[in-house]
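In my numbering, the protein residues as written are 29 to 139. Structure record follows, encoded as structure tokens.
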């Protein structure tokens, strides 16, 4: 039996994020999905410039988990760009996978 999955602290978004090639209708476009925790790892490491260990501390997971999340997210983003596919950041799947708000976001929402 696998060990229980750790909760992952991620930024909360109100709706799925979709990025698609211009000029191609969504119904005719193939979709590549990434989960919220993959997107959060990508944001922390590539946008904010954190080291994998620091990103792991922020999300509450190990550096190895961050590395695995980054690998999957980067592969999905590149596949979407190269093959002209829509990229969907799937929030519904992520909510079922023990993703929680960062502590500073909980305070903001309580107001």
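Even for Gly, the Cβ is constructed at its ideal location relative to N, Cα and C. The structure presented is a predicted model; accordingly, all values stated were derived computationally and were not measured.
- request: Would you mind giving the Cβ-Cβ distance between residue 83 and residue 72, rounded to the nearest angstrom? I have them listed as a contact below 8 angstroms.
  value: 4 angstroms
- request: Please name the residue or residues paired with residue 47 in a DSSP beta bridge.
  value: 115
Inter-stretch contact (C-beta, 8 angstroms, three-pair minimum) for the region 84-94 and the region 59-75: yes
- prompt: Since residue 48 contacts residue 104 with CB under 8 angstroms, what's their CB separation in whole angstroms?
  reply: That pair is no contact at about 14 angstroms.
task: Assign residue 89 to one of three DSSP states: helix, strand, or coil.
output: coil
query: Whole-angstrom Cβ separation of residue 112 and residue 52, contact assumed at under 8 angstroms?
result: 7 angstroms
task: Could you tell me if residue 106 is buried or exposed, where buried requires 16 or more neighbouring beta carbons within 10 angstroms of its beta carbon?
output: exposed
- prompt: In chain order, which continuous runs of the alpha helix (DSSP H) of length 4 or greater are located wholly inside the region 52-99?
  reply: 64-70 and 80-87
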